[in-house]
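Below: the structure, in structure tokens.
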Amino acid sequence: MKYPVYTLVLLTLILTGLNFRQPGPITAPAGKLRLVFHHQVGKDPLALGTLCRNGLGDRITIERFKYYVSHFTFTDSKGRQWKPDPQYFLIDEEIPDSKIITIQVQDIDIRQIGFLLGVDSAKNVSGIQTGALDPLKGMFWTWNSGYIMAKMEGTAERSPSPGHRFTYHIGGFRFGMNTAREIRLTIPQTSQPVREVHIAADIDRWFNGSWQIDLAETPVCHSPGVLAMRFADNYQNMFSIQSVH
């Protein structure tokens with residue numbers, strides 16, 4: 237007659253333990269999330285080939301703008317994370333469809349989105365890649381220097397380069413020169429499941445952020461080093477949440 241009592245006690249302990257279990261990782265995908273990237277210069281939408289002015293007063297015309305995003309993570313209000321298998325996307329202003337990413341995620345109350353701006357070190361030394369990482373995309377230097385994490389090209393009135401051009405090819409993956417940057421974006425409070433997130437990327441932050449970069453002094457960056465690291469410190473803060481749906 238004692239066994240039912242022992243069974244009841246055991247079940248009570250198990251249920252109590254479940255109630256106090258720490259939030260764990262989410263293990264199974266159940267829905268799709270669209271991420272839509274919008275490029276702008278300050279508060280104005282980016283228009284390739286159109287004269288604009290950056291936050292430091294330079295009159296510039298941007299002709300090319302693209303960058304890698306990868307290694308997405310999603311966190312809900314309880315601190316649980318869903319990490320899809322690593323994927324690599326090349327966001328290119330010249331290709332509108334590239335600015336829309338659809339990712340399989342858990343049907344959760346998403347509170348934070350994380351991703352890597354750039355390509356991780358392991359992929360840089362893993363041999364010839366395909367898809368977004370194909371060297372034919374124009375975002376790869378050599379096996380020694382690796383991938384260009386982000387690229388911006390155009391003209392500026394104060395650039396001393398021939399044709400007043402500026403070209404910023406920002407890369408580097410080795411210790412002390414790694415220009416990949418972790419991005420964390422907090423989702424505004426909403427009572428509805430998040431199905432689409434619009435992310436703004438402000439090009440002005442390339443010039444005016446943790447470091448001020450003068451086009452007249454540094455119109456070119458084509459290799460890993462101190463200048464590339466400064467650009468990376470700046471573009472780490474160019475993203476913000478524009479809206480959610």
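Numbering (my numbering) for the sequence shown: 237 to 481.
Note that CB positions come from ideal geometry on N, CA and C, so glycine has one too.
Discussion item. Please state whether the Cβ-Cβ distance between M465 and M385 is less than 8 Å.
Written reply: For M465 and M385, no; Cβs fall outside 8 Å.
Worksheet entry | Alpha carbon of E330 to alpha carbon of L369, nearest angstrom | Approximately 17 Å between the Cα atoms of the pair.
Worksheet entry | Candidates L353, R394, N360, T366: closest to S381 by CA position | Looking at the Cα atoms, N360 is the closest of the given residues.
Discussion item. On a Cα-Cα basis, can you pick out the residue from S334, L352, Q317 that is closest to V341?
Written reply: Ranked by Cα distance from V341, the first of S334, L352, Q317 is Q317.
Worksheet entry | Inter-residue Cα distance where the pair is K373 and P424 | If you take the alpha carbons of K373 and P424, they lie about 35 Å apart.
Worksheet item: For M388, which residues of its own chain have a beta-carbon under 6 Å away from its beta-carbon, when the five flanking residues on both sides are left out?
Response: Cβ neighbours of M388 within its own chain (closer than 6 Å, five residues either side excluded): F301, Y404.
Item to complete: Can you grab the Cα-Cα spacing for the pair D525 / S395, in whole Å?
Response: This structure cannot speak to residue 525, because the chain is shown only from 237 to 481.
Worksheet item: Considering only the beta carbon of each residue, do L421 and I327 sit closer than 8 Å?
Response: Not a contact, by the Cβ cut-off of 8 Å.
Practice prompt. Taking 8 Å as the cut-off, decide whether the C-beta atoms of I364 and L269 are in contact.
Written response: Between I364 and L269, the C-beta spacing is not below 8 Å.
Item to complete: State buried or exposed for S306, treating a residue as buried only when at least 16 other CB atoms are found within 10 Å of its CB.
Response: It counts as buried.
Worksheet item: Relative to the C-alpha of Y324, which residue among G354, I439, S313, K314 is closest?
Response: Per the Cα distances, G354.
Fill in: Per DSSP, the bridge partner or partners of N444
Under DSSP, N444 shares a beta bridge with Q448.
Item to complete: For W379, count neighbouring C-beta atoms within 10 Å of its own C-beta (all shown protein chains included) and say buried if the count is 16 or more, exposed if not.
Response: Taking all protein chains shown into account, W379 has fewer than 16 neighbouring C-beta atoms within 10 Å of its C-beta and is therefore exposed.
Worksheet item: Can you pull the DSSP bridge partners for T391?
Response: Beta-bridge pairing links T391 to T297, R401.
Item to complete: Can you have a look at F411 and say buried or exposed, based on whether 16 or more other CB atoms are within 10 angstroms of its CB?
Response: Exposed, since its Cβ has fewer than 16 Cβ neighbours within 10 Å.
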